[in-house]
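Here our numbering is used: the first residue of the sequence shown is 19, the next is one more, and so on. What follows is a set of notes on a single structure, which appears directly below.
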Amino acid sequence: MKLACLSFTDKGFELGEKISKIKSNKYRIEHYTNKDLDEGIKGFLKSEWMNFDGFIFISATGIAIRMINNYIKSKDKDPAIIVIDDMGKFSISLLSGHLGGANEVAQYIGESIGAIPVVTTASDNRGIESIDIFAKKNNYYIEDIHSLTKVTSSMVNEKKIGFYTESSEIIKYNNLKILKDLEEIDNNLDGVILVTSKKKFPEINIPFALLRPKNIN
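Structure follows, in structure tokens:
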């Protein structure tokens with residue numbers, strides 16, 4: 019994962035150098051400082067936004083939000099955004115926590131520099147495996163990324179969720195009803211997660227998330 023670490027202050031520069039020297043097989047971190055860039059970090063983001071998997075801002079969260087505002091699109095496309103204060107006290111997952119990997123990066127960087135990782139996604143704080151992480155882990159394609167919102171909301175509120183799969187992997191969620199057949203989907207469920215290659219199935223009148231195995235033609 020290619021990450022750009024961006025610093026603005028003298029203290030931030032020192033911390034950025036420290037972060038860029040963290041040894042990792044998973045993350046490759048390059049440090050850029052505002053004063054050494056011809057057009058500053060603002061210009062750097064404009065030209066390099068698509069060339070990195072994530073950005074680590076050593077700054078206030080407000081600075082990061084204003085600088086990325088024009089570039090963010092959707093949760094399945096945006097890079098990971100992490101914010102660390104220049105005193106190195108907090109490592110905050112700001113954007114693309116799941117699919118982009120910001121939660122993992124914030125945890126890893128926090129542990130590496132002695133900062134407190136801050137992860138605010140509701141599913142993580144409840145010990146629930148999110149649907150997008152489940153899909154990513156098992157190489158499933160999410161048919162409609164926007165469909166996850168209502169099902170995830172029900173999971174956060176501990177509602178009963180149906181789960182039908184043609185594979186062996188089961189999402190980690192306590193109030194789950196395993197469905198052996200698509201005909202078992204009914205209105206007593208608050209949502210349903212489907213892992214299937216089937217193109218046709220009964221009409222579903224409750225919120226559902228459809229995951230497709232990528233190895234299915």
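The C-beta atom is built at its ideal place from N, Cα and C for all residues, glycine as well.
The Cβ neighbour count for D28, taken over all protein chains shown within 10 Å, is under 16; the residue is labelled exposed. For G209, the enclosing beta strand (DSSP E) has its first and last residue at 209-213. Looking at the backbone, the Cα of L63 and that of V174 are separated by about 34 Å. DSSP places I134 in no alpha helix (DSSP H) but in the uninterrupted beta strand (DSSP E) bounded by 134-136.
A straight-line Cα-Cα distance of about 15 Å links Y191 and L166.
Secondary structure remark: continuous beta strand (DSSP E) runs of at least 3 residues inside the region 139-185, in chain order: 158-160, 179-183. With the rule of 3 Cβ pairs closer than 8 Å, the region 212-219 counts as touching the region 171-190. If you draw a 10 Å sphere on the C-beta of Y158, you find 16 or more other C-beta atoms in it, and that means buried. Here DSSP, grouped into helix, strand and coil, assigns L197 to coil. In the displayed model, F70 falls within coil according to three-state DSSP, outside both helix and strand. When rounded, the separation of the alpha-carbon atoms in E35 and M19 is 18 Å. Annotation for T51: the continuous beta strand (DSSP E) segment containing it runs 46-51. Remark: C-beta atoms of D54 and I160 do not approach each other more closely than 9 Å. In the structure shown, F108 falls within a strand segment according to DSSP collapsed to helix, strand and coil. Only residues of its own chain outside the window of five on either side were considered, and among them K168, V169, S172, M173, K177, I179, G180, I224, P225, F226, A227 have a CB closer than 8 Å to the CB of G209, listed in chain order.
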